[in-house]
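One structure is given below, encoded as structure tokens.
Residue numbers (full-length UniProt numbering): 1 to 521.
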């Protein structure tokens, strides 16, 4: 049996050339459909008009079966399975022009694939054809197209797609609105965003609080908190009311920008509208005040919390972390004592913060005592806990204690990282323990641990001081061959530094090796 096939290749006059082929030819070409599949067998052999939404031509080498919708949908599905989205979109176009209904799931798959490859006009065309054929694309497909258009800055086109989706029976959702609102703000169209949201409310669309909150957040970031609060008041007349999450979001924006006075304005609005601040509200304010060193205000917030919303471990961690950053370790320890007395159990984050501050102040004995306390009370120590103490001990020159802690770390099943090894190499080098530093460096290299340029430099210096020039040259070669290759100036500074330390012969050997490696001349 013979059946007609159409090669979808338009000439300048937008016609499709038709040639004859067998049914099995079409199927075989599509890689895998059985040759005995039941398809229609009607024929035609005259040119058919076809236009393309982007240009006057369509190019594909796939088959089209005349007057057989089922057969063409089989072909369409196979094209989708093989990732031939351009050929599939052309087939959808041809089928609809000839009054055939394309498979709707294939239309969805094709349109999504076209969006993923930035063929947005073609994707929109496929969706239009699907709707005209009686299909209703799902919200995910529409949102993908709108998102793609917004990424390309085609805001007006994206809005028109949103309007079309409503008419096509698929109302926009929170993702649709969020995408469009963000695009408007990215393009500086702040007033248009407000008008757009009002129009959606006027059309009876649900006043999605998430979208409303995002609108206010974006206004706060781009136009200031006063403008955001004004719009919040106006929107209440449209039936769109804020909740505690909305106020907390505005607080978060103002606090991240360090605008404590604006944060107070948001808090006043929250209280004036009868909302009760929650733990998130207080913690956000507390973080803002502490980050800016406003301790009196922070104490006031903490006092209020004791009477309304008891402080959590997050609250205390915010305080302790901020006090440590301002080198107020004594006050941080007082907060820890208060925390425990109030029945709030510190976590490993609390203790890691204090350990870091203690090591920074060279209070290593106190830090070790705290570590023993953590062990005795069943706390699960983590990598950063050990790294903090090992680094502190190494910097203070207590390398033996650092190695004891290193052994305990390995025994506890915690893998050392480049920070651990780097601290130990630095500690050995400071104590002129050249062989130990070199051994640790080799261990790092053996396990493919990242080695910083500064680590190589400090080891080369200590090896030169100990007259271990051949080893210093070896480390220099490691440094050159590592992925982290410093600039020529770094090597020059290294040689100069060794020479300035009175090790001229060693510096000459290093320079000689760098010349051999064609790094210096």
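C-beta: ideal position from N, C-alpha, C; glycine also. Please read all numbers here as calculations on a predicted model, not as lab measurements.
Cβ contact annotation for residue 391 (same chain, cutoff 6 Å, sequence separation greater than five): 423, in chain order. Counting C-beta pairs with one atom in each stretch, the segment 322-331 and the segment 340-348 have fewer than three that are closer than 8 Å, which means they do not touch. When the alpha-carbon of residue 106 is set against those of 99, 136, 119, 121, the nearest one is in 136.
In terms of Cβ geometry, residue 246 and residue 213 form a close pair [threshold 9 Å].
Non-local beta-carbon contacts of residue 283 in its own chain, meaning distances under 7 Å to residues more than five positions away in sequence, involve 314, 315, 318 in chain order. Under the three-state reduction of DSSP, residue 276 is assigned to coil, being neither helix nor strand. Residue 455 counts as buried, since no fewer than 16 other beta carbons sit within 10 angstroms of its beta carbon.
In this chain, the alpha helix (DSSP H) harbouring residue 411 covers 399-411.
Within the segment 261-322, no run of beta strand (DSSP E) at least 3 residues long lies entirely inside it.
No Cβ-Cβ contact shorter than 9 Å links residue 278 with residue 252. Comparing C-alpha distances from residue 481 to each of 495, 445, 459 shows the shortest one belongs to 445.
Comparing alpha-carbon positions, the option among 291, 356, 360, 164 lying closest to residue 384 turns out to be 356. Every unbroken stretch of the alpha helix (DSSP H) spanning 4 or more residues and falling wholly within the UniProt repeat "PPR" (347-381) is given here in chain order: 348-360, 364-376.
If you look at residue 464, you'll find it in the alpha helix (DSSP H) that goes 453-465. Taking 9 Å as the cut-off, the Cβ atoms of residue 430 and residue 451 do not count as close. DSSP, reduced to helix, strand and coil, places residue 103 outside both helices and strands of the structure shown, so it counts as coil.
Pairing residue 165 with residue 142 gives a Cβ-Cβ distance under 9 Å. About 10 Å separates the beta carbon of residue 463 from that of residue 510, a gap too long to meet the 8 Å contact definition. DSSP, reduced to helix, strand and coil, places residue 70 within a helical segment of the structure shown. Cβ-Cβ distances below 6 Å link residue 281 to 248 in the same chain, with the five nearest sequence neighbours on each side left out; the list follows chain order. Pairing residue 275 with residue 242, the inter-Cα distance amounts to about 10 Å. Between residue 381 and residue 368, the C-beta spacing is not below 9 Å.
The three-state secondary structure of residue 150, taken from DSSP, is helix. In this model, residue 389 and residue 428 are separated by some 15 Å (Cα to Cα).
Here residue 172 is not near residue 127, since their CB atoms are 9 Å or more apart. Annotation: residue 426 to residue 378 spans about 31 Å, alpha carbon to alpha carbon. Counting every other CB atom within 10 Å of its CB across the protein chains shown gives residue 144 a total of 16 or more, marking it as buried.
Residue nearest to residue 85 within the set 69, 99, 68, 116 is 116 (criterion: CA-CA distance). With at least 16 other beta carbons inside 10 angstroms of its own, residue 124 counts as buried. Annotated as distal: residue 89 and residue 120, with beta-carbon spacing of 9 Å or more. Going by C-alpha positions, residue 449 is about 52 Å away from residue 162.
Looking at 130, 196, 132, the one whose alpha-carbon comes closest to that of residue 158 is 196.
Beyond the five residues adjoining it in sequence on each side, residue 436 comes within less than 6 Å, by CB distance, of 428 in the same chain, given in chain order.
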